[in-house]
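Trainee:
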Amino acid sequence: MKKSKRASAEVNAGSMADIAFLLLIFFLVTTTIASDKGILLLLPPKADPNEEQIDVKIKDKNLFKILVNSSDRVLVNGEPWTQPLENLKPKVQEFVLNNGRKEDLSESPKKAIVSFKTDRGTSYEKFIGILDVLHLSYNEIYAKKMGMTLEEFNNFDRKDADKKDKYDEIRKTIPKQISIAEPSKIGN
Amino acid sequence: MSKFKKKTGTSQEIPTSALPDIIFMLLFFFMVTTVMRTDDLLITQKLPQASQLSKIEKKSLVSYIFIGTPKEVTKYGDEPKIQANGVLMEPEDIALFVEQEKTKLPESDRNKITMSMKISQEAKMGIVTDVQEELKKANARKILYASTPKLVK
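As they're listed, the protein sequences go chains H and Z.
Take the position in the first sequence, starting the count at 1, then add 474; the result is the number in our numbering.
Take the position in the second sequence, starting the count at 1, then add 78; the result is the number in our numbering.
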């Protein structure tokens, strides 16, 4: 056969692979596998009707009371709270880390309890908003004690034994005591 | 130089024309196997935002409960409803649903079941509490309030 002088009739398909690769990578990257993230909570066990209810007396100063009514208005320690929710954080931290200095705040972090009560008509958004601020307040204290930034604290590896031990130690002295009371039945 | 090269009759290029086909096959494989969402939602969902989020370590232990306003308002009304297992249900049915979910797990893990509560932000606490009471009854006490990340100021 005579060698033709014209350019070959084949289509140059070499870059086709690159295009396909690009598509492949695009799909791999954009596919979001629904991630499960949220605020973890352990519900208290169901009250045993056979067991007698023991009334635990807690001193009023060891309680940080947050109350939300059915129109999402907030009461903090009996006073209406009109500031943004983020401003609750320093209040909570001052309350927890008081260690008996101020008369009307907690005696020690171990005794400090944040009590959070909602109404049946309270919106879920408000509930999560406040719960988040409470967790933020505590987490910031823990982060400071561990010498990390808040971001580092939130992402630190729970399998790292050294850090986990340190964290557990801190959790023992400053337990995260957030009590979520059953909602009252006024609204809705 | 070119004179010598021409002498070898065989081409030195590796045929790569089949490569795109292989890649396309991979691409289709990924496109087909990727499951976007397992539950067909009958309700609208707008998760609340929160900054202090935790991740779930073991995904196999998670079951989902959805609460939100139904999509078909004419059929189900505009009050937030509970959806689990692909159907709308009443709070009383939650205990049964949890039992069903528990039987799917190996016996040693049944008490570690985590309920992921995907609750739309417009829902009221009343319905949330009703569900939680049922979860307490069914001894599924570990719950996760699913929320989307928010940046801390």
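By construction, the Cβ of each residue, glycine as well, lies at the ideal position given by its N, Cα and C atoms.
All figures in this text were calculated on a predicted structure; none of them were measured in a lab.
Got a sec: which bits of the stretch 577-597 of chain H sit with their beta carbon under 9 Å from any beta carbon on chain Z, in order along the chain?
Mentor: Correct list: T592, D593, R594, G595, T596 and S597.
Trainee: Three or more C-beta pairs under 8 Å: does that hold for the stretch 157-176 of chain Z against the stretch 137-147 of chain Z?
Mentor: Touching, per the Cβ criterion.
Trainee: Which class does L222 of chain Z belong to by DSSP, given the choice of helix, strand or coil?
Mentor: The answer is strand: DSSP assigns L222 of chain Z an E or B state.
Trainee: Could you check the C-alpha separation between K149 of chain Z and I197 of chain Z for me, to the nearest Å?
Mentor: Cα to Cα, the separation comes out at about 14 Å.
Trainee: Apart from the five residues just before and just after P657 of chain H, which ones in its own chain have a Cβ nearer than 8 Å to its Cβ?
Mentor: Counting only Cβ-Cβ distances below 8 Å, and skipping sequence neighbours, we find K591, T592, D593, R594 and T596.
Trainee: So Q199 of chain Z packs on L120 of chain Z, CB below 8 Å; how close in whole Å?
Mentor: Not a contact, Cβ separation roughly 18 Å.
Trainee: Is it buried or exposed for M193 of chain Z, if we count other Cβ within 10 angstroms and need 16 for buried?
Mentor: The residue in question, M193 of chain Z, is buried, as its Cβ has 16 or more Cβ neighbours within 10 Å.
Trainee: Roughly how many angstroms separate the alpha carbons of K600 of chain H and F107 of chain Z, rounded to a whole number?
Mentor: One C-alpha to the other measures close to 43 Å.
Trainee: Using only the alpha-carbon positions, how far apart do I499 of chain H and I101 of chain Z sit?
Mentor: Each residue's alpha carbon lies about 11 Å from the other.
Trainee: Reducing DSSP to helix, strand and coil, say where L537 of chain H ends up.
Mentor: DSSP places L537 of chain H in strand when its eight states are reduced to three.
Trainee: Under a Cβ-count criterion, where at least 16 other Cβ atoms within 10 Å of its own Cβ denotes burial, should R534 of chain H be classed as buried or exposed?
Mentor: Note that residue 534 of chain H is Asp in the sequence shown here, rather than Arg. With fewer than 16 Cβ atoms within 10 Å of its Cβ, D534 of chain H is classed as exposed.
Trainee: R188 of chain Z touches chain H at which residues, Cβ-Cβ below 9 Å?
Mentor: By Cβ distance, chain H contributes nothing, its closest Cβ being about 16 Å from R188 of chain Z, past 9 Å.
Trainee: For a contact meaning CB atoms closer than 7 Å, what does I101 of chain Z contact in chain H?
Mentor: Ordered by position in chain H, the residues that pass the 7 Å Cβ test against I101 of chain Z are A491, A494, F495 and L498.
Trainee: Alpha carbon to alpha carbon, how far is Y616 of chain H from Q127 of chain Z?
Mentor: Answer to the nearest angstrom: the Cα atoms are 22 Å apart.
Trainee: DSSP three-state label for R594 of chain H, please.
Mentor: Reduced to three states, the DSSP call for R594 of chain H is coil.
Trainee: Taking the Cβ atom as the reference point for each residue, do I587 of chain H and K619 of chain H lie within a distance shorter than 8 Å?
Mentor: Not a contact, by the Cβ cut-off of 8 Å.
Trainee: For the structure I just gave you, are there three or more beta carbon pairs, one from the stretch 570-589 of chain H and one from the stretch 517-535 of chain H, closer than 8 Å?
Mentor: Yes: the two stretches touch, three or more of their Cβ pairs being nearer than 8 Å.
Trainee: Just how far apart, CA to CA, sit G204 of chain Z and K214 of chain Z?
Mentor: Approximately 15 Å between the Cα atoms of the pair.
Trainee: Considering only the alpha carbon of each residue, which of H:L517, H:Y612, H:E525 and H:M622 lies closest to K650 of chain H?
Mentor: If we check each option's Cα against that of K650 of chain H, H:Y612 comes out closest.
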